[in-house]
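Count the sequence shown with this note's numbering and you get residues 43 to 450, in order.
Structure record follows, encoded as structure tokens.
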Amino acid sequence: MNERQLIFESVLPSELDPSRFSKPVIDGVEQPLTITLIAGDNVVQQPVEKKLAASIEDDFDDDELVAFAENLENIPPEILLKEEKQKKDRPNNPLFKYRRGVLSVSDLSAQIWCEQQLTYKFLYPFILNDDGEIKRVDDKPHMLRGTSLHLERELEIQIKVTIECKTREDSYGVRLLNMIQGIHGLLTWNKPNERYITREMPIFGNMYGGKLYFRGIIDEINFDPRTNQLEVVEFKTRASRTAPKAQQTYTHEIQVNIYRTLLDELIQGQVDKSLYFQRFNLESTMLLSDSVKNEYNQRGFTNVETLENAFDLLVKLSFQMPTITTNGAIEYILQSDKTWKHRKEFERDERHLEELLIKSEPYWLSKRQPQGVDIEDAYKCQWCDYKDICTWREEKSNEFSRKKRRLN
Ligand code: SF4
43 MNERQLIFES VLPSELDPSR FSKPVIDGVE QPLTITLIAG DNVVQQPVEK
93 KLAASIEDDF DDDELVAFAE NLENIPPEIL LKEEKQKKDR PNNPLFKYRR
143 GVLSVSDLSA QIWCEQQLTY KFLYPFILND DGEIKRVDDK PHMLRGTSLH
193 LERELEIQIK VTIECKTRED SYGVRLLNMI QGIHGLLTWN KPNERYITRE
243 MPIFGNMYGG KLYFRGIIDE INFDPRTNQL EVVEFKTRAS RTAPKAQQTY
293 THEIQVNIYR TLLDELIQGQ VDKSLYFQRF NLESTMLLSD SVKNEYNQRG
343 FTNVETLENA FDLLVKLSFQ MPTITTNGAI EYILQSDKTW KHRKEFERDE
393 RHLEELLIKS EPYWLSKRQP QGVDIEDAYK CQWCDYKDIC TWREEKSNEF
443 SRKKRRLN
């Protein structure tokens, strides 16, 4: 096992510029409770009038969101105007409307599970649960438990270090530093009989030069110097002590394959620098704050003054990697007992991934309507939070009844 590595976290300043957040926007509108049972009927409430500027959830965590909200009152009018203008200039499609031009890798997994459900999550992210509480649809106890287990795994080999940031560029400088550190650690690994492991590595890119741009966090990258094998591992948690079924592992495998492709494109230098700065809405030549520059310096990465310098360093180091990824694996851990594990290794199917991207892209670019599950996947609807309002499900059920009537 490696010595404990450092992983950097950015802390945001008290003043933020909301016009430059790259968070998915729910049409610039705060989403209230959207589905209510009234006299036995599900009533869908429409979002209320615009209250806030863009939400920032994709970029920042809850504490940062609170800091943002606290600072809203201090936003100068010219910044709000800039925000309005940027909103008008953005294409009106799900990619820009909900994700500001950058998808997370889990967006694609969610789309593969059910595109209609993903669309409902964008439109109606809050639901009334059985206890009468308004909850974000993804805030389920097992999901929260999964997050804490992920953190535990991360801290097994890493120590978190906080870096104070003043700008979004600083914050992205910290992300790039985590990538640079992880890759530099592998390049300088001097234990020929031991695996090198790094966890929680950010990744980004547009696979195969496509129109969709992705970002994500790779749970684990490990390298075995004895075999020259580089492996990407995804951690998942399970509620029951059983191996997951093929339908469940399918989306997880796709996720790992996306990470492998993004990592390989980085290693092979197939990354478009200007597209990175454009999609994340970053100023490449803005000087990084001293706190960030010092951290680069202390790790031995001198001459990093701007985000562009950091990006160039990342590409240079990645290009020196001894191999591209050879293996992909998913490790399932039981939520109630960490000693129970199930590991699945699998081959990469690049063609299948390319086909999936070709199928997914038109939805994000508003070239077609969202689609729900096929009849053979109807089991997914049983646990769906939107089953009572789903028009796709209703249409399929009507279609089925019509066919049945014709046959009788
Ligand atoms: S009810 Fe079924 S088709 Fe409709 S959103 Fe949910 S999973 Fe998809």
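Ideal Cβ placement from N, Cα and C applies to all residues, glycine included.
{"Item": "Decide if the region 210-223 is in contact with the region 322-337; the criterion is three or more beta carbon pairs, one per stretch, under 8 Å apart.", "Value": "yes"}
{"Item": "Let me know the secondary structure DSSP gives Met243 once reduced to three states.", "Value": "strand"}
{"Item": "Just checking Val179 against the ligand SF4 - is the residue's beta carbon closer than 7 Å to any of the ligand's heavy atoms?", "Value": "no"}
{"Item": "Please go through the region 299-357 and give each complete alpha helix (DSSP H) segment of 4 or more residues, from N-terminal end onward.", "Value": "315-321 and 332-340"}
{"Item": "Looking at Gln290 and the ligand SF4, is the gap between the Cβ and the nearest heavy atom below 7 Å?", "Value": "no"}
{"Item": "Mind listing, in chain order, the continuous beta strand (DSSP E) runs of no fewer than 3 residues lying wholly within the region 143-203?", "Value": "168-170 and 176-178"}
{"Item": "To the nearest angstrom, how far is it from the Cα of Asn84 to the Cα of Arg444?", "Value": "With a pLDDT of 42 at Asn84, under the threshold of 50, the modelled position of that residue is not reliable, and the figure given next carries that caveat. Using only the alpha carbons, I get a separation of about 25 Å."}
{"Item": "Is it buried or exposed for Val203, if we count other Cβ within 10 angstroms and need 16 for buried?", "Value": "exposed"}
{"Item": "Would you say Arg410 touches the ligand SF4, meaning its beta carbon is less than 7 Å from a heavy atom?", "Value": "no"}
{"Item": "Leaving out the 5 sequence neighbours to the left and right, which residues in its chain are closer than 6 Å to Phe246 when beta-carbon positions are compared?", "Value": "Arg257"}
{"Item": "Under 7 Å Cβ to Cβ from Ser52, same chain only, skipping five residues before and after it: list those, please.", "Value": "Ile205, Cys207, Asp212, Ser213 and Val216"}
{"Item": "Can you tell me whether Lys446 is buried or exposed? The criterion is at least 16 other CB atoms within 10 Å of its CB, across all chains shown.", "Value": "exposed"}
{"Item": "Ignore the nearest five residues each way along the sequence and tell me which others in Glu307's own chain have a CB closer than 8 Å to its CB.", "Value": "Gly247, Met249 and Val313"}
{"Item": "Could you check whether Glu276 and Gln297 sit closer than 8 Å to each other, using their CB atoms as the reference points?", "Value": "yes"}
{"Item": "Residue range of the alpha helix (DSSP H) that Asp419 falls in?", "Value": "Element bounds for Asp419: n/a, residue is neither H nor E."}
{"Item": "Near Asn134, which residues of its chain fall below 8 Å by C-beta distance, leaving aside the five closest residues on each side in sequence?", "Value": "Ser408"}
{"Item": "For Ile199, tell me which candidate among Gly224, Gln377 and Phe343 has the shortest Cα-Cα distance.", "Value": "Gly224"}
{"Item": "Say yes only if the C-beta of Lys422 is nearer than 7 Å to one or more non-hydrogen atoms of the ligand SF4, and no if none qualify.", "Value": "yes"}
{"Item": "In the structure shown, what three-state DSSP assignment does Gly215 receive?", "Value": "helix"}
{"Item": "Could you check the C-alpha separation between Ile49 and His226 for me, to the nearest Å?", "Value": "13 Å"}
{"Item": "Quick test of your reading: Leu150 and Ile300, contact by CB under 8 Å. State the CB separation rounded to the nearest angstrom.", "Value": "7 Å"}
{"Item": "Taking 8 Å as the threshold (C-beta atoms), are Trp434 and Gln158 in contact?", "Value": "yes"}
{"Item": "Tell me the residue span of the beta strand (DSSP E) that contains Tyr1.", "Value": "Because the chain is modelled from 43 through 450, residue 1 falls outside the range shown and cannot be assessed."}
{"Item": "Following a CB-centred definition, is Arg435 positioned closer than 7 Å to any heavy atom of the ligand SF4?", "Value": "yes"}
{"Item": "Confirm, please, whether the CB-CB distance from Leu349 to Leu324 is below 8 Å.", "Value": "yes"}
{"Item": "Got a sec: does the ligand SF4 put a non-hydrogen atom nearer than 7 Å to the Cβ of Val357?", "Value": "no"}
{"Item": "Given His384, which residues of its chain have a CB within under 7 Å of its CB, disregarding the five upstream and five downstream residues?", "Value": "Ala285 and Tyr374"}
{"Item": "For Asp221, which residues of its own chain have a beta-carbon under 7 Å away from its beta-carbon, when the five flanking residues on both sides are left out?", "Value": "It should be noted that the sequence gives Met, not Asp, for residue 221. Cβ within range, chain order: Met243, Pro244 and Leu356."}
{"Item": "Is Gln153 near the ligand SF4, judged by its Cβ being under 7 Å from some heavy atom?", "Value": "no"}
{"Item": "How would you label Leu228, buried or exposed, when you count the other beta carbons within 10 angstroms and need 16 or more for buried?", "Value": "buried"}
{"Item": "Which residue from Tyr292, Leu145, Ile417 and Ser378 puts its Cα closest to that of His394?", "Value": "Tyr292"}
{"Item": "Return yes when the Cβ of Lys163 is within less than 8 Å of the Cβ of Val147, no when it is not.", "Value": "no"}
{"Item": "Looking only at DSSP bridge pairs, what is His394 linked to?", "Value": "DSSP lists no partner for His394."}
{"Item": "Roughly how far, in whole angstroms, is the beta-carbon of Ile259 from the beta-carbon of Leu305, given that I think they are within contact range, below 8 Å?", "Value": "About 12 Å separates the two Cβ atoms, so there is no contact after all."}
{"Item": "Using the Cβ count rule (16 or more neighbours within 10 Å means buried), how would you classify Tyr421?", "Value": "exposed"}
{"Item": "Measuring straight from C-alpha to C-alpha, what distance separates Tyr255 and Pro234?", "Value": "36 Å"}
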